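The numbering used here numbers the first residue of the sequence shown as 78 and each following residue consecutively.
We put the beta carbon where it would ideally sit given N, CA and C, even for glycine.
A quick note: this is a predicted structure, and the numbers were derived from the prediction, not measured.
Report on the structure given below.
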Amino acid sequence: MTDQFFVDADGLDTGRNGYREKATELEALTQRIQALGSSGRVSEAAGHDKNGNAFAETHMKAVAEIRDGVRLWAKAVDGTSDAIGDMAGSFREADQGAFDMARDLQKSFLQLQEDVTKPPTA
């Protein structure tokens with residue numbers, strides 16, 4: 078086990094960008110599904126007879142469910158990107174806080190050393 082803990086906040090930001098790009102790709106996929114599964118396009122391909130209408134009705138529902146599922150997936154991936162960004166910011170703040178506290182402690186010890194080693198005034 079190690080006694081050190083290190084987080085690369087810049088590395089988290091890089092990973093965050095990958096999630097954001099994937100969310101954008103998924104959102105583009107939902108638009109493609111919407112275009113390919115438009116009711117006019119499916120109805121035209123299936124035909125306007127009884128069987129064609131039944132096919133279109135059944136499959137239009139499935140297309141909508143798939144599209145909505147991919148859209149929710151994109152939203153979840155985008156939310157993951159936001160969460161990673163928040164974590165990176167929190168780690169930066171914690172790192173800066175620790176640095177500031179250590180600097181203040183060093184100043185206090187230096188002042189204490191100066192006070193202790195200063196000859197008494199008469």
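In the DSSP assignment, find the alpha helix (DSSP H) that holds residue i and state where it starts and stops.
| i | result |
| --- | --- |
| K99 | A86 to L113 |
Consult DSSP for residue i and reduce its assignment to one of helix, strand or coil.
| i | result |
| --- | --- |
| T198 | coil |
| G124 | coil |
Kindly indicate which residue of the options has the alpha-carbon position closest to the one of residue i.
| i | options | result |
| --- | --- | --- |
| D145 | I110, E98, G88 and E191 | I110 |
| K152 | D90, G129 and T107 | T107 |
| D87 | F176, T194, F186 and R169 | R169 |
| A139 | D126, S116, G156 and W150 | S116 |
| E102 | W150, A123 and G166 | W150 |
| A165 | Q81, F82, F83 and L89 | L89 |
Am I right that residue i and residue j are in contact with their C-beta atoms under 8 Å? What's the rounded C-beta distance?
| i | j | result |
| --- | --- | --- |
| A100 | S158 | 6 Å |
| I161 | Y96 | 6 Å |
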